[in-house]
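Written below as structure tokens is the structure these notes are about.
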Amino acid sequence: MRIRKVHVIFKTHLDIGFTDFARSVTQNYLARFIPDALATARLHNITGQPKRFVWTVGAYLIDLALRTGTKQQAKALETAILAGDITYHALPYTMHSELCSPALIAAGLGITARLDAQFGRRTIAAKMTDVPGHTRSIISPLAKQGIQYLHIGINDVARMPDVPPLFIWEDDWGYQLMVHYERGYGGTTVVPGHPEALCFLHSVDNAGPPDPRELAQSFEHLQTQFKGAVIEASTLDAFAHSLKDIRGSLPVLRQEIGDTWIHGIGTDPYKTRALRELDALGTQWDNDGRWADHQQRLADGRLPRDAFLEQLLLVCEHTWGMDCKKFLTDYRNWYRIDFDRARKQPRIPDEDANLPGFSAYYRFAKQEFEALAPRGISWDQRSYALFERSHQEQRDYVNSAVDVLPLPLKQEALPLLTPPAVMDVPKGRDVGHGERVHLGRWQADVMADGVLIRAPGGQQIAIQYPVYQEVGLAAFEQLTEQYLAHVAHYRLWALPDNTKLGAERSDAPREDRLHLPIRIEVSQADGALWVSGVYEESAHQLAGCPRRFILRFEHKDEKLRVTLQLLDKPANRKPEALFLPFVFQGSGKLAVRKIGQWQNLLDTVAGGNRRTHGMDAFRWQKPDGSSLIVHSPHAVLATLGKPALLDFDGDDEQHRVYVNLYNNLWGTNFKMWYEEAITCDFWLEELGT
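Residue 423 in numbering that gives the first Met the number 0 sits at position 424 of the sequence shown; the count goes up by one each step and never skips.
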């Protein structure tokens, strides 16, 4: 079919961080990029003719600009939106959606609803970029908000899930979303049988709108490619509307996709714990009617509830700090002793990166750093401390969420920002292996490798002792061979982002090493079962293994509460992970809860993430319909079958769930080491048929 019209979408990929501190990035958009986009539109858009330039951004930036700009700036932006010179799509930014709760997803969509009310619009199209996949649990929240179309443009080297380019994604309740999948953020799409095409013209990450010369060249190229077609700067909404006549002919997908980057959310247990605790408190205030007592708007015009949740949602944005290959360009210091020394140095010297075999990576990082020119930071000012500051800035989102609260609510929320105190194990009766302890109607059998829990209705689950894993470098070789696409072409950034370049020069093992506690003490005191364990000192001194752990099992409100603390963990740059294994007993089916919805993980598309999932609970359902649910209010990741965060394909093993307590495997911009206590609660609940 002849193409009659090409919808041209001008966009840049927003990383709230990565190229600079997050605050500097957003300020750059507000002070430079948005004004530049408005000026470009005024220069090129002529009334009565097809538009030559419309800039598309997420709803967050438009909302932020309107709330924080001067009256003159806000007026200019409002005029441009009404004229169609700049537009927003239905999502605030790209998220790791599996980290979100229903309340947080709703808060992000609420930004768009607020803008739609102001401008008399009904936004129906959304965009997420870079992150390779999302959960099926996003379908109903978006569909209920009136969103009909979602474009997902994945990172150039990420594995593409095995899905059609354009399809209807449907959930168990029949809610549907038209999904458009592309590699490389989005390119040019011709839909068979449809006379209108879509073309994304992206600038690089955080690079702003195109200059007039680039714009003219782009239109000339498209006019040559699509002879006789109307080439028009457009919006995702307009393209989505154009697809209505072919919607009924699209294939329907009812499977989970998942996120093969989701392991990144396990890199900062403090931040995710604070997020979950504050989010749960906000929901409690909803249920108790407390928000209704605090309807006075803030200085920026938002209600306190909206501001609180929108600030928390920033934790779920997909950028978690500065780009490690540019701001932590160090391929030398991987041994613990060298790493400890390097962290204290005032700068990262070039000789730690410009090593034999690594010079090309060093030159690429330096050239990219200088091209993007972070505000107020020179190449010679980079240091480990600077890199760490970028992660503290991301942590500060939870502090800022508390700061916007009215005083009575703030006083309730503030204690949640303080990490829990180390538990004192009280003196009690020693418990031996093989002994059974009664905890209310629950029973706990002490075993050599953990505790077998018997629920009142007969369900059983073994909770094994926490495992420290030195992740072998072979896992990254497998990732490179089986997951990374076009890696030969993109290697200068793909390998530093996705692997641990330089770790092969250290004592990091080639194959995984699992460290179990070497000494266990079990006692019963104060109505609870207590387990204390210590790990081998060499794993603590040479890698990043905690020195000890404490587990407490106690009965509360017909549920069993399990509290784990991992203590005295040293910072370690080499790849590592911590897990708490749960092993269900007997026949049944496993499901994981994401954004309030249970998902069957065996029904995941090829190329998606079948093994590892962001979650807040997992469930074992027996053939008679009874269930044992493990609620996980703090730990945010579960991996199935075996502790293999970089193996996304999984298998049919459902009985064994490894809850990931921490990992540092994902490079890019995530936190690369951790040296704080980790405290997680788990609540076991049994439900009848």
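We put the beta carbon where it would ideally sit given N, CA and C, even for glycine.
Residues G449, L451, V582 of the same chain have their beta carbon placed closer than 6 Å to that of A461, with the five preceding and five following residues left out of the count. Residue state for R342 is assigned as helix, using DSSP reduced to three classes. With a 10 Å radius around the Cβ and a threshold of 16 neighbouring Cβ atoms, M0 comes out exposed.
Annotation for R66: the continuous alpha helix (DSSP H) segment containing it runs 58-67. Look at V314 here: in three-state DSSP terms it is helix.
Pairwise C-beta distances place the region 98-111 out of contact with the region 325-342, as fewer than three of them are shorter than 8 Å. Here the alpha carbon of E536 sits roughly 7 Å from the alpha carbon of R546.
The region 139-150 makes no contact with the region 318-326: fewer than 3 CB pairs, one atom from each, lie closer than 8 Å. Beta bridge pairing from DSSP links P580 with Y657. Taking C-beta atoms as the reference points, F20 and S389 count as a pair closer than 9 Å. Here V466 is buried. Its C-beta has 16 or more other C-beta atoms within 10 Å. Apart from the 5 residues on each side of it in sequence, P642 sits with its Cβ closer than 7 Å to the Cβ of V466, Q468, A576, F578, Y657 in its chain, given in chain order. By the Cβ criterion, the region 109-119 is in contact with the region 73-89, since at least three pairs of Cβ atoms, one from each stretch, lie closer than 8 Å. Residue range 323-326 is occupied by the alpha helix (DSSP H) that includes F326. When the beta-carbon positions are compared, L249 and I167 come within less than 9 Å of each other. E309 sits in a helix when the DSSP states are folded into three classes.
Within the same chain, T678 come within 7 Å of P419 by CB-CB distance, once the 5 residues on both sides are set aside. Cβ atoms of N668 and F17 come within 8 Å of each other, at about 5 Å. Taking 9 Å as the cut-off, the Cβ atoms of L311 and L274 count as close. Counting every other CB atom within 10 Å of its CB across the protein chains shown gives S100 a total of 16 or more, marking it as buried.
For the pair A64 and L29, the CB atoms are nearer than the 9 Å cut-off.
In this structure, the alpha-carbon of K593 lies about 47 Å from that of G47.
E675 and T562 have their C-alpha atoms spaced approximately 16 Å apart.
At a cut-off of 3 residues, not a single continuous stretch assigned as beta strand (DSSP E) sits fully inside the region 376-405. Excluding the 5 residues flanking it on each side, G587 has same chain C-beta neighbours closer than 6 Å at W619, Q620, K621, in chain order. Counting only runs of 4+ residues, the alpha helix (DSSP H) found wholly inside the region 497-543 occupies 536-541, in chain order.
In the DSSP assignment, R362 falls within the unbroken alpha helix (DSSP H) covering 358-371. The residue among D299, T266, F307 with its C-alpha nearest the C-alpha of D285 is F307. Approximately 23 Å separates the beta-carbon atoms of H179 and G613; this is outside 8 Å, ruling out the contact.
Secondary structure at S586: coil, using DSSP grouped into helix, strand and coil. The C-beta distance from G666 to N497 rounds to 6 Å, short enough to fall under 8 Å.
In this structure T259 is not in contact with N27, their Cβ atoms being roughly 30 Å apart against a cut-off of 8 Å. Beyond the five residues adjoining it in sequence on each side, L416 comes within less than 7 Å, by CB distance, of A273, V397, N398, V401 in the same chain, given in chain order. Y148 is not a Cβ neighbour of L42, given a cutoff of 9 Å. Shown here for R560: same chain residues with a beta carbon closer than 6 Å to its own, the five before and five after excluded, namely E553, W682 in chain order. Put simply, the region 49-66 touches the region 227-246. At least three CB pairs are less than 8 Å apart.
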